[in-house]
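Q: So the sequence shown is numbered by my numbering: it starts at 11 and just counts up by one. Sharing a structure, written as structure tokens. Questions coming.
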Amino acid sequence: MIFNYLTLIFMKKQILKLGVFVLPVVFGWGCISGSIEEEPKIESIANFKVIGKSLSFDSFESYENSIQNPESITKTPFTSLARLVSNEELNVNKRVLSDEQTFALKEYENSLILDILDEDGMVVIDGKLFYLDFVNKVALVTSNLDLRESLKDIHNGSDEVFIFSFEDDIIGLLEEGSTGTISSLSQSITENNRVNVFVGDNCDWDECRYNNNVDGDTGYEYRVEAKHVYQSSGIYFKLFSQAKHMKRQSPPIYSAEDTDITISWDYWYKSKKNSIGTRYDIGTRSKWDNVFEIQHYASSRGLEKYRLDSEFYVEVGGDHGSGIGGFTYWSFELFRISKGM
């Protein structure tokens with residue numbers, strides 16, 4: 011366990027709710043992206059502009075500054091990839107994304123990178139057009155903005171189009187003069203520049219998950235989905251811990267259900283961005299919600315090294331009900347994720 015005081019939190023909650031200490035408990039232990047045309051409309055907003063369909067950041071630094079002020083991006087009126095995904099969930103008969111794309115984007119749900127990209131998965135930074143392919147987990151980069159309409163159909167690198175893996179620190183590599191790390195999408199699919207080091211069930215070096223279902227006392231089934239992740243998309247990197255609580259009365263659809271969620275963490279990392287450098291923290295926070303996420307790191311630059319331990323306490327049922335037999339809860343610690351440690 012990371013923190014002994016999680017036990018104290020549980021004891022306090024039981025006193026407040028039922029005035030006793032011995033109660034039924036559910037423990038879940040496990041491992042736990044030629045003709046004359048009208049000039050595009052340009053709208054200036056904060057550190058960037060909306061030019062045509064896309065956000066355009068005038069430098070890598072202004073892009074980084076905007077990441078640190080996410081509301082400046084999420085409140086910008088343009089059709090982002092996040093809005094496209096949301097609209098497709100509401101209008102299943104008017105889908106644009108393929109099943110494969112929808113599945114790939116699910117991994118980046120609620121991530122700022124989907125708010126940064128336009129509906130085509132593109133953004134302009136420092137005069138360069140970036141296209142992020144979430145299915146193949148590669149990014150195509152070009153300084154020729156006229157290639158916008160054809161960029162998604164390009165499968166090989168060239169003098170004009172550079173291809174990188176999502177795990178590459180793309181901005182750092184471009185600043186060093188890199189012309190890509192992948193020669194073609196076929197190379198990406200077969201090699202993917204990835205080393206899998208499994209540390210337990212449902213775990214890898216950059217992600218660990220734990221899911222569990224519990225029958226409730228009112229005919230509902232309750233579910234917890236917890237994870238901690240180092241998320242890479244080439245131009246946006248995020249380290250976070252997250253828990254979700256849901257309910258359903260009959261398969262297959264779950265709906266959100268608010269409850270008491272506590273997340274504790276212990277992390278250390280070294281960023282490839284010098285102004286961020288090395289940081290570490292130990293802490294715990296609680297929230298009444300159906301989704302609770304603690305973001306430990308977000309930047310346009312990747313992490314050189316990191317480790318993250320996360321522990322979760324989630325009460326079954328919230329106000330709607332509880333587990334069979336009375337007050338129950340999940341309490342578990344995910345296996346550590348780490349790189350270079």
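Backbone N, C-alpha and C define an ideal beta-carbon position, used for all residues, glycine too.
Can the beta-carbon of K315 be found closer than 9 Å to that of D216?
A: Within the sequence shown, the letter at position 305 stands for residue 315. Within the sequence shown, the letter at position 206 stands for residue 216. Not in contact: K315 and D216 (Cβ atoms no closer than 9 Å).
Q: With R158 as the anchor, note down where its alpha helix (DSSP H) starts and where it stops.
A: Taking the sequence shown and counting its residues from 1, one reaches residue 158 at position 148. First-last of the alpha helix (DSSP H) with R158: R158 to L161.
Q: Could you check what DSSP says for S309 in three-state terms: helix, strand or coil?
A: If you number the sequence shown from 1, residue 309 lands on position 299. Strand.
Q: Please report how far the alpha carbon of E110 lies from the alpha carbon of V145, in whole angstroms.
A: In the sequence shown, counting from the first residue as 1, residue 110 sits at position 100. In the sequence shown, counting from the first residue as 1, residue 145 sits at position 135. Each residue's Cα considered, the two are about 7 Å apart.
Q: Of the choices S274, D136, L184 and V134, whose alpha-carbon is the least far from that of T294?
A: On the sequence shown, residue 294 is found 284 positions in, with the first residue counted as 1. Out of S274, D136, L184 and V134, S274 has the C-alpha closest to the C-alpha of T294.
Q: Helix or strand or just coil, what does DSSP make of N202?
A: The sequence position of residue 202 within the sequence shown is 192, counting from 1. Because N202 carries a pLDDT of 48, less than 50, the predicted location of this residue cannot be relied on, and the following value inherits that uncertainty. Of the three classes helix, strand and coil, the one that applies to N202 here is coil, per DSSP.
Q: Measuring alpha carbon to alpha carbon, tell me which of A253, N223, Y246 and K297 ends up nearest K237.
A: Your numbering for residue 237 matches position 227 in the sequence shown. The option with the nearest alpha carbon to K237 is A253.
Q: Could you tell me the alpha carbon to alpha carbon distance between V260 and N75, rounded to whole angstroms?
A: Counting from 1 along the sequence shown, the entry for residue 260 is found at position 250. Counting from 1 along the sequence shown, the entry for residue 75 is found at position 65. According to the sequence provided, residue 260 is Ser. The question's Val does not apply to it. Spanning the two alpha carbons is a distance of roughly 46 Å.
Q: Nearest to E185 by alpha carbon, out of E325, S310, S332 and G336?
A: Numbered from its first residue, the sequence shown carries residue 185 at position 175. Cα-wise, what sits closest to E185 is S310.
Q: Buried or exposed: which applies to Y290, given that a residue is buried once 16 or more other Cβ atoms fall within 10 Å of its Cβ?
A: Reading the sequence shown from its first residue, position 280 is the one you call residue 290. Exposed, since its Cβ has fewer than 16 Cβ neighbours within 10 Å.
Q: State the start and end residues of the unbroken beta strand (DSSP E) segment that holds K257.
A: Here residue 257 refers to the residue found at position 247 of the sequence shown. It spans F247 to R258 - the beta strand (DSSP E) in which K257 sits, taken as one unbroken run.
Q: How would you call G137, buried or exposed, if buried means at least 16 neighbouring beta carbons within 10 angstroms?
A: Counting from 1 along the sequence shown, the entry for residue 137 is found at position 127. Its Cβ having fewer than 16 others within 10 Å, G137 is exposed.
Q: By a C-beta neighbour count over all protein chains shown, 10 Å radius and 16 as the cutoff for buried, is K85 buried or exposed?
A: On the sequence shown, residue 85 is found 75 positions in, with the first residue counted as 1. Flag for K85 reads exposed.
Q: Output the distance between the C-alpha atoms of I292 and E321, rounded to the nearest integer angstrom.
A: As a working note, residue 292 is residue 282 in the sequence shown. As a working note, residue 321 is residue 311 in the sequence shown. Cα to Cα, I292 sits roughly 11 Å from E321.
Q: Please check the pair G167 and S194, which I expect to be a contact at CB under 8 Å, by giving their CB distance rounded to whole angstroms.
A: Within the sequence shown, the letter at position 157 stands for residue 167. Within the sequence shown, the letter at position 184 stands for residue 194. Contact flag correct, Cβ pair sits at about 7 Å.
Q: Sort L155, F67, T112 and Q241 by Cα distance to S82 and report the nearest one.
A: On the sequence shown, position 72 is the one that residue 82 refers to. When each option's Cα is compared against that of S82, the closest is F67.
Q: Output the distance between the C-alpha atoms of W278 and D319, rounded to the nearest integer angstrom.
A: What you label residue 278 is simply residue 268 of the sequence shown in a count that begins at 1. What you label residue 319 is simply residue 309 of the sequence shown in a count that begins at 1. Answer to the nearest angstrom: the Cα atoms are 9 Å apart.
Q: Can you tell me which of the three DSSP states E177 falls into?
A: Stepping through the sequence shown from its first residue, residue 177 is reached at position 167. Three-state result, E177: coil.
Q: Roughly how many angstroms separate the alpha carbons of I271 and I192, rounded to a whole number?
A: For this step, residue 271 is matched to residue 261 along the sequence shown. For this step, residue 192 is matched to residue 182 along the sequence shown. Those two C-alpha atoms are separated by around 42 Å.
Q: Is it the case that the stretch 242 to 251 contacts the stretch 331 to 339, given that we only count it when at least three CB pairs across the two stretches are under 8 Å?
A: No, the stretch 331 to 339 is not in contact with the stretch 242 to 251.
Q: Quick one: Cα of T269 to Cα of I164, how far?
A: In the sequence shown, the residue the question calls residue 269 occupies position 259. In the sequence shown, the residue the question calls residue 164 occupies position 154. Approximately 47 Å between the Cα atoms of the pair.
Q: In angstroms with no decimal places, state the Cα-to-Cα distance between L94 and E325.
A: Taking the sequence shown and counting its residues from 1, one reaches residue 94 at position 84. Taking the sequence shown and counting its residues from 1, one reaches residue 325 at position 315. C-alpha separation (whole angstroms): 33 Å.
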